[in-house]
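End of the sequence shown = 460 in my numbering, gap-free, step of one.
Each residue gets a CB set at the ideal place from its N, CA and C atoms; glycine is no exception.
Structure, as structure tokens:
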Amino acid sequence: MKTLLDIVARHKRGEQAGVYSLCSAHPRVIESAMREAAACDAPLLVEATSNQVNQFGGYTGMTPADFRRFVLQIARDAGFGEEKLWLGGDHLGPNAWQHEPADVALAKSAEMIRQYVAAGFRKIHLDCSMACGGDPHPLPEALIARRAARLCAVAENTWREVGGEPPVYVIGTEVPVPGGATESLGELAVTSPDAARATIQAHQSAFADIGLDSAWSRVIALVVQPGVEFDHHKVIDYRPHKAQALSTFISRDSQFIFEAHSTDYQTAPNLQALVRDHFAILKVGPGATYALRETLWALAAVAHELPGGAAQEDLRTTAIEVMRSDPRYWRNYYHDSDRETLDLQFSLSDRIRYYWPHPRVKRAYESLLSRLRNVSLPLTLLSQFMPHQYEAVRDGRLQANVDELLNEGIAVALRPYMRACGVPGPQE
């Protein structure tokens, strides 16, 4: 991960340099991100989370080795060079097993991290912030740090066995809920400089206690709360003045930048400001699959208006039926029965992303794209349902075919991250 270390070094020298991390397992989202990166000759960081990918398959059914093969195949199909692809692991720790006894959960966490590193993942977020069975609430910072150091030792030993570039690490205990908040949000408290300092000191001490000084030199970032989040229908925007003390604190540190989670749906100026203020690793997940869903809904509306379209299966209806028949991925998130249909489709937490691999939804998705590949798409319908793509088609920047329209819909959500991180556009 030397290139990532170089980006951190450039940022510490005062450049508008950063990296965005795509946290998604949807092949179309990953493909679109790769095409955008290739057009700008830029690398792409793709991360898997501990719930998504682990030794038991996670909710994707993939182990770390499976996920690597999956992403590499997309890269080959998209013509994206493997040397430009970086793989990371997010929230690696006991999150998936926090209801089990601590020793059991940590043993599973250690095996998960071993498999991630053995599979070639080289950006590792050590997240032991959650209490497990039998733990005190909240966990003392020193205990969190000791557990993170133990997992780091597993990663280091595995790397020495398999070779390749050494891993880089991210630490931090003020971690937003993966996938967005489950309740309606008001104003968020920004991490204090004292809390950030305490986290760094506790981890540095824990690493030193077990001889991980070399690994400590590759800890590049700290996860904090800059005051950004989203719930079902609202975004808490970044307010630079509220994070000024935190930004000043890290600017004086020669090693660390911040990693900002839950930056989905922030405006382009907000993303620019986050990187400027040293939140130079930007995570995006639901925001990318939300853009996928939004574009698919527009394409489904186009298909419905075409001759004979009303008689065809509607992807939108199929997806909602499947979600209602199997509510395990959303029932703990959506609590208002009067808004259930609204939330199932349009919530910013985008729980619908868990259902794209379902056989019925996948068939309806593939059927929609297949039907639209075989017809000429009228500009009038693009203007009605896909105004951004319509303008791009009229300007000659985009072909009016379904695959380009879909890729463009996703790319629109990703380009602000690239620009915020200092990646110029293909024509710049």
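Open item on the list: Taking the straight line between their C-alpha atoms, what separation do you get for residue 233 and residue 221?
Closed with: The count along the sequence shown starts at 1 and reaches residue 233 at position 201. The count along the sequence shown starts at 1 and reaches residue 221 at position 189. If you draw a straight line from the Cα of residue 233 to the Cα of residue 221, it is about 22 Å long.
Task: residue 240 and residue 201 closer than 8 Å at C-beta - done: Residue mapping note: residue 240 aligns to position 208 of the sequence shown, counting from 1. Residue mapping note: residue 201 aligns to position 169 of the sequence shown, counting from 1. Not in contact: residue 240 and residue 201 (Cβ atoms no closer than 8 Å).
- [ ] Taking only the alpha-carbon atoms, compute the straight-line gap between residue 100 and residue 257 and give it to the nearest angstrom.
- [x] Counting from 1 along the sequence shown, the entry for residue 100 is found at position 68. Counting from 1 along the sequence shown, the entry for residue 257 is found at position 225. For the pair residue 100 and residue 257, the Cα-to-Cα distance works out to about 30 Å.
Open item on the list: Rounding to the nearest angstrom, what Cα-Cα distance links residue 39 and residue 196 in this structure?
Closed with: Locating residue 39 in the sequence shown gives position 7, counting from the first residue. Locating residue 196 in the sequence shown gives position 164, counting from the first residue. A direct Cα-to-Cα measurement between residue 39 and residue 196 gives close to 19 Å.
- [ ] Express the C-alpha separation of residue 445 and residue 71 in angstroms, rounding to a whole number.
- [x] Residue 71 sits at position 39 when you count from the first residue of the sequence shown. Residue 445 sits at position 413 when you count from the first residue of the sequence shown. Taking the straight line from one Cα to the other gives about 16 Å.
TODO: Compare the Cα-Cα distances from residue 182 to each of 169, 159, 165, 47 and report the closest residue.
DONE: Mapped onto the sequence shown, residue 182 falls at position 150. Comparing Cα positions, the closest option is 159.
Task: Opposing strand residues paired with residue 122 [DSSP bridges] - done: Translated into positions along the sequence shown, residue 122 becomes position 90. Residue 122 is bridged by DSSP to 81.
- [ ] Please name the residue or residues paired with residue 291 in a DSSP beta bridge.
- [x] Counted from its first residue, the sequence shown places residue 291 at position 259. Beta bridge pairing from DSSP links residue 291 with 255, 313.
Open item on the list: Just verifying my parser: in three-state terms, what is the DSSP assignment at residue 353?
Closed with: Looking up residue 353 in the sequence shown gives position 321. Note: residue 353 maps to helix in three-state DSSP.
Task: Between the CA atoms of residue 326 and residue 348 - distance to the nearest angstrom - done: Numbered from 1 along the sequence shown, position 316 holds the residue referred to as residue 348. Numbered from 1 along the sequence shown, position 294 holds the residue referred to as residue 326. Taking C-alpha positions only, residue 348 is separated from residue 326 by approximately 11 Å.
- [ ] Counting only runs of 3+ residues fully inside the segment 34-88, write out the beta strand (DSSP E) ranges in chain order.
- [x] Runs found: 51-54, 76-81.
Task: residue 155, enclosing beta strand (DSSP E) - first and last residue - done: Counting from one through the sequence shown, the residue named residue 155 turns up at place 123. 155-158 is the span of the beta strand (DSSP E), which, as asked, contains residue 155.
Task: Range covered by the beta strand (DSSP E) that runs through residue 203 - done: Mapped onto the sequence shown, residue 203 falls at position 171. It spans 200-203 - the beta strand (DSSP E) in which residue 203 sits, taken as one unbroken run.
Open item on the list: Let me check understanding here. Comparing Cα to Cα, which of 440, 177, 149, 362 lies closest to residue 414?
Closed with: Position 382 of the sequence shown, counted from the start, is the residue given in the question as residue 414. The shortest C-alpha separation from residue 414 is found at 440.
Open item on the list: One question on the structure: do residue 295 and residue 315 come within less than 8 Å of each other, judged by their Cβ atoms?
Closed with: If you number the sequence shown from 1, residue 295 lands on position 263. If you number the sequence shown from 1, residue 315 lands on position 283. In contact: residue 295 and residue 315 (Cβ atoms closer than 8 Å).
Open item on the list: Looking at residue 50: is its Cβ nearer than 8 Å to the Cβ of residue 277?
Closed with: Numbered from its first residue, the sequence shown carries residue 50 at position 18. Numbered from its first residue, the sequence shown carries residue 277 at position 245. For residue 50 and residue 277, no; Cβs fall outside 8 Å.
Open item on the list: Output needed for residue 336: all residues of its chain with C-beta closer than 7 Å, excluding positions within five of it in sequence on either side, in chain order.
Closed with: In the sequence shown, the residue the question calls residue 336 occupies position 304. Residues 342, 346 of the same chain have their beta carbon placed closer than 7 Å to that of residue 336, with the five preceding and five following residues left out of the count.
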